[in-house]
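Here the structure comes first, spelled out in structure tokens, and everything after it is commentary.
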Amino acid sequence: MITRRWGMVIDLDKCTGCGTCEVSCMQENNMPIFQDDSDDPKRVKLLNLMKITNDREKSLQYGDVKVAYIPKMCQQCDNPSCVAVCPANATDIGDDGVVSQIWSRCFGCRYCIGSCPYEARVFNWWKPRYEGTFKESLNPDVSISSRGTVVKCTFCSHIWKRERDKAVAKGITDINAVSYTPACAASCPTNAIIFGDLSDPLSDVSRLSKDKRAFRLVHTVDNWGVSKKKNLIKKYPEPKVFYLSSEEWIRDMMRFK
Amino acid sequence: MSKLKDQINAITPLMKVCFDFVKNEYNSLSSSMKKTLLFLFIMSAGFALFALQIFIFGLGYTGLSNYVAWGVWIGGDLSLIVLGGGAFFTSFMLYILRRDEFQPIINSAILIGLLCYAFTFIFLGLDVGQPLRFWFAYLYPNWGEHLMPQSMLTEVVFCITFYFMVLVGEFTPIILGQKLLDRFPVIHQIGHYIHKLMWIGAAVGTFLSFFHQGSLGGTYGVLFAKPGWFRPHLFFLFIVSALAAGTSFTILITWLAGKVKKKDVVPFKTYVSLARVSGFMFLIYFIFRIYDIYLMITKYVPAFDRNFWDLWGGTYGLWMLVLELIACFIPVILLNIKAFREKEKTLIIGVGSAVFGMMMNRFAATLHGFTVPNFPWKAFTPYGPTIQEIVTTLGIFSSMALIYIFCAKYLPIFPHLDKQEH
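So the protein lines, in turn, are chains A and B.
According to the working numbering, the first sequence is numbered sequentially starting from 303.
According to the working numbering, the second sequence is numbered sequentially starting from 15.
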């Protein structure tokens, strides 16, 4: 019986916006690179490093302008709207809490992209191409997705599989004894991305997700308590990626203020 | 070698007969008809060409993106389904409610429905990333644990498939009634018996239609994480919209056929009767839609900590909603007031506005939601269809027109006309 519930905590106070998480995610997950990928809404990007500023009207004076970087990947919701809407069951929530995406089952209707409030899912608008030596550095643990299918971050489940296989080879068969680190968390130079088991009360993610600096992306249910609003919508995605920030303007922004 | 020559010699007279027939038919057309057909053929050929490009090279050639994942093709789909709703509703009124005043228009309504649903499948085949995997939706459906399927699209796919079969069944007596085939007593008997069982088709069709028309609304209404769409009653709004706009579309197309043929394909009072139903439905729809917008403004959008007007980018995007409401209000007036309904000009303006207004509803209520930013630091996502999308959409409509014209000429679509000619 799996007791793991994988979650992530990203400390925005530590994130420098270097982009290493984006690059390592791309490399780990065999994402294709096309000739002009700059800011293209058709780009295949599983981890999107968003840049936000408190100066939306471009009217603040120098010194008052603040910038923050938010690495955004699939939030691995506990109540995923994408799983509810997929007509072919290409996506499902596992016992470990990770929302899987089987690109060989997907037939590309893109309903899940429409339902995701975090814009975490991307579509292969073109056939993925790997030129020259890029082919030699492809990760054999991640299958290449076809043109016309939806892909998304899977919390590097293939790394977990690899660690489990290594453990079994050593004779450790307890699935809950194995831990792993996804590419983004492993490569972050400031350790802003922390990954772990939310159901383990001693883990860092478990502790930090309850920190007073913690919030989740653009939803207000964390502050609703038992309010009328929550009863009206009745369902909430329940993402398992928590962000930490001591900046009030970021937390305000999350509430569309 | 001589056997082959004999075979060719045997086929040649038959081929000559066919070729002469086509030539004579073509020569009997007016020049404006010839030009129209040529235009429709070119558009259909354009559709085939660009569809091929999309299939071979990918959906990258569309204006769609990871933000606006559905565009003019799904808009076309939704429009076709809502406008094809006239088939089930007219069937229901004729065969279940026994309102015989709709008998003259039923065949045209069924043909329109058949074309709308058939070409919905074609739109879907084009829009989906892996059309060859489309059967996954049938064999690996997302039913979930309860009575209603968990995924709205699962519901839609199954319902429209079964309903399409019902439509084919309802269309069969029309094909069998064709003069060449009807001569055979066996075929005449089969056609007669199918006709007696039409009420079953009408009942099943109505049942299925309520579900899939509603589910297309539900497709967007259940998205509990999207402020631009979420409201549980959208399911019911779309059912009413199909009852209203479907009947108007049937009137419009049949009237157009009559104009082209320069004959009364259907007695004028049939249009008036159907328009009365459509007008009433439009009144219910309009009130419901205003209530829907009111609920969004006051309840549902604020529940996401958002502002309804912000979802439209202030007045920038609101024109779509305003246009929809105006275009849907015109039929409320023109189709409900007897004096307007009984005059041909105002009747046609009413149904024309109804069709346009409902198409605008599909764009405003569903496709607009894709452009709404999900994060406060993001701007609205623009979407503009590429030439591939435009030509394929117009080409699909042209193909539908061509098939309708063909059927209107060679099949007994207008029994009133056939009666008059005898």
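We put the beta carbon where it would ideally sit given N, CA and C, even for glycine.
- Taking 9 Å as the upper bound on Cβ-Cβ separation, chain B lies near residues Asp342, Pro343, Lys344, Arg345, Val346, Lys347, Met352, Lys353, Ile354, Thr355 and Arg358 of the region 337–359 of chain A.
- Going by C-alpha positions, Phe224/B is about 36 Å away from Val520/A.
- Around the beta carbon of Val365/B, a 10 Å sphere encloses 16 or more other beta carbons of the protein chains shown; the residue is thus reported as buried.
- Identification of residues in the region 177–190 of chain B having a C-beta nearer than 8 Å to some C-beta of chain A yields an empty set.
- By the C-beta density criterion, Thr492/A is exposed, having fewer than 16 other C-beta atoms within 10 angstroms.
- Put simply, the region 31–40 of chain B does not touch the region 536–553 of chain A. Fewer than three CB pairs are less than 8 Å apart.
- For Gln164/B, the CB contacts under 7 Å within the same chain, skipping 5 residues up- and downstream, are Asn156, Trp157 and Gly158 in chain order.
- DSSP places Trp551/A outside any beta strand (DSSP E); the residue lies instead in the alpha helix (DSSP H), whose first and last residues are Glu550 to Met556.
- Just measuring C-alpha positions, the residue of Leu309/B, Leu97/B, Val279/B and Thr284/B sitting nearest His247/B is Leu309/B.
- Close partners of Thr435/A in chain B (Cβ separation under 9 Å) are lacking, with about 24 Å as the shortest Cβ gap.
- For Lys537/A, the chain B residues whose C-beta falls within less than 7 Å of its own C-beta are Phe238, listed in chain order.
- Annotation: Cys384/A to Thr168/B spans about 14 Å, alpha carbon to alpha carbon.
- In the DSSP annotation of this structure, the continuous segment of the alpha helix (DSSP H) that includes Ala62/B starts and ends at Ser45 to Phe71.
- Of the other Cβ atoms in all chains shown, fewer than 16 fall within 10 Å of the Cβ of Ser548/A; this residue is therefore exposed.
- Met162/B and Cys379/A have their alpha carbons spaced roughly 23 Å apart.
- Take the alpha-carbon of Glu39/B and the one of Ile22/B: they are about 25 Å apart.
- Secondary structure within the region 466–508 of chain A: the beta strand (DSSP E) runs of 3 or more consecutive residues, fully enclosed, are 495–499 (chain order).
- Setting aside the 5 residues that flank it on each side, Ile477/A is surrounded in the same chain by Ile304, Arg306 and Arg466, each with a C-beta closer than 8 Å to its C-beta; the list follows chain order.
- Of all alpha-carbon atoms in Tyr152/B, Ala415/B, Phe71/B and Gly231/B, the one lying nearest the alpha-carbon of Gly450/A is that of Phe71/B.
- Chain A has a Cβ within less than 7 Å of the Cβ of Val142/B.
- Rounded to the nearest angstrom, the gap between the Cα atoms of Gly319/A and Tyr75/B is 32 Å.
- Rounded to whole angstroms, the Cβ separation of Gly215/B and Gly183/B is 5 Å, and the two are in contact under 8 Å.
- Residue contact check for Leu230/B against chain A: no CB pair falls below 7 Å.
- The straight-line gap separating the alpha-carbon atoms of Ser445/A and Glu324/A is approximately 19 Å.
- Inter-residue distance for Thr400/B and Ile347/B is about 37 Å (C-alpha atoms, whole angstroms).
- Straight across, the Cα-Cα distance linking Asp306/B with Tyr314/B is about 10 Å.
- Secondary structure note for Tyr371/A: its beta strand (DSSP E) is the uninterrupted segment Val369 to Lys374.
- Scanning chain B for C-beta atoms nearer than 7 Å to the C-beta of Arg431/A yields nothing, as the closest lies near 11 Å away.
- Spanning the alpha carbons of Ile68/B and Cys455/A requires a straight line of approximately 27 Å.
- At a C-beta separation below 7 Å, Cys388/A has these neighbours in chain B: Asn156 and Ser165.
- Under the criterion of beta carbons closer than 8 Å, Val367/A and Asn350/A do not qualify as touching, at roughly 22 Å.
- Taking a cut-off of 8 Å for Cβ pairs, the region 51–65 of chain B and the region 405–424 of chain B touch, as three or more such pairs fall below it.
- In chain order, Phe389, Pro390 and Trp391 make up the part of chain B whose C-beta sits under 9 Å from the C-beta of Met555/A.
- Within the region 362–413 of chain B, the runs of alpha helix (DSSP H) that reach at least 4 residues and sit entirely inside it are, in chain order, 382–385.
- Straight across, the Cα-Cα distance linking Asn121/B with Glu115/B is about 13 Å.
- Residues of chain B with a Cβ closer than 7 Å to the Cβ of Ser445/A do not exist; the shortest Cβ-Cβ separation is about 15 Å.
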